[in-house]
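J.: Residue numbers (this note's numbering): 30 to 134. For each residue, glycine too, the CB sits at the ideal point set by N, CA and C. The structure displayed is predicted, hence computed values, not measured ones. The structure follows.
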Amino acid sequence: MIESNVFSGPLPGYIASLGLGIALGLFFLWGLWLTVRTLPDSNRPALLMLASLVLRFGVVVAGFFLVARYGQWPHLMVAAAGFTLPRLLITQRGPATEPRGGTGP
């Protein structure tokens, strides 16, 4: 019986790993952004932060587990590089904006 999966070919496997890593990085940062934006209106900010952290880590760990399960260690390294890529691009995009309602020093 022939087994076929996304990571079977050399180039498609690396492209899939990179894409999944980028998607996981974007999900993680989007969840963090959404959590930080919701904190001022939350009645229980600590619980919100903890729940967000557990959910974001759970999704990211599950994604990396899939890459580790169906790929090899180079695929995992490519996925890790893809995971950090959105953060690098967002931080290099420009200066940070003022937070809502903040006047600054």
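Answer yes or no: do residue 51 and residue 114 have a C-beta to C-beta separation smaller than 9 Å?
T.: Yes; because the gap between Cβ atoms is below 9 Å, this pair is in contact.
J.: Measuring CA to CA, which of 48, 71, 82 and 40 is closest to residue 60?
T.: Here the closest residue by C-alpha is 82.
J.: Which residues in the same chain as residue 78 place their Cβ atom closer than 8 Å to its Cβ, once the five residues preceding and following it in sequence are excluded?
T.: Only 64 and 68 meet the Cβ criterion.
J.: If you run the structure through DSSP and keep just helix, strand and coil, what is residue 100?
T.: Reduced to three states, the DSSP call for residue 100 is coil.
J.: Measure the Cβ-Cβ separation of residue 53 and residue 94 and say whether it is below 9 Å.
T.: Cβ atoms of residue 53 and residue 94: not closer than 9 Å.
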